[in-house]
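First the structure, in the form of structure tokens, and then the observations on it.
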């Protein structure tokens, strides 16, 4: 048994020695990471700032190219005035020769649709849509359509919609 006891003692002393080495090693690693930590933080702050600036610049550039002229319309009824600011304006035809234009707000109502001087419709989501066949006061530009006192049923439409996407 004395041989077994000696072997057990040697094994325990070997484990104890290695755990002390591990503790010393992990302590020195922690100290090293604390020393390097401020440098890494400064670098990460710089890269975060650069990342934050880049998407903001690119999104404003894409908005400008997507919708160079902001679309804003006003629909006046006997009892109310509704402002419509379409976010997506789909045009068919070609610049300078728009056949159809449809303006939606985040792909939902309100919706404004015009087909040359043949037809105009405005859906607000409240009641029936306002419609007119052969309306006056519509001007088709190169990349936009303007409404000037355009009578749409019992309502009057004013403002401009600029094309954001072309179809056809």
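Numbering (my numbering), first residue to last: 2 to 169.
By construction, the Cβ of each residue, glycine as well, lies at the ideal position given by its N, Cα and C atoms.
Nearest residue (CA-CA) to residue i, options the options
i	options	result
residue 137	149, 145, 131, 143	149
residue 79	168, 156, 166	156
residue 121	165, 154, 145, 163	154
residue 143	107, 158, 162	162
residue 117	71, 77, 151, 89	151
residue 99	158, 159, 147	147
residue 145	85, 106, 95	95
Under the three-state DSSP convention, the category residue i falls into
i	result
residue 98	strand
residue 159	strand
residue 43	Note on residue 43: pLDDT 45, under 50, position unreliable in the model; the coordinate value appears next. The answer is helix: DSSP assigns residue 43 an H, G or I state.
residue 92	strand
residue 72	coil
residue 107	coil
residue 165	coil
residue 143	coil
residue 149	strand
residue 30	Legend: pLDDT at residue 30 = 48, less than 50; position of this residue unreliable, no value from coordinates given.
Euclidean distance between Cα positions of residue i and residue j
i	j	result
residue 83	residue 75	6 Å
residue 164	residue 127	25 Å
residue 130	residue 93	22 Å
residue 97	residue 119	17 Å
residue 134	residue 73	22 Å
residue 102	residue 81	25 Å
residue 61	residue 167	Bear in mind that a pLDDT of 37 at residue 61, under 50, signals an unreliable position, so the number given afterwards is only what the model happens to contain. So the alpha carbons of these two residues sit roughly 20 Å apart.
residue 115	residue 104	9 Å
residue 159	residue 169	27 Å
residue 86	residue 106	7 Å
residue 132	residue 124	9 Å
residue 111	residue 90	12 Å
Endpoints, beta strand (DSSP E) assigned at residue i
i	result
residue 132	131-134
residue 119	Here residue 119 belongs to no beta strand (DSSP E), and DSSP marks it neither H nor E.
residue 82	82-85
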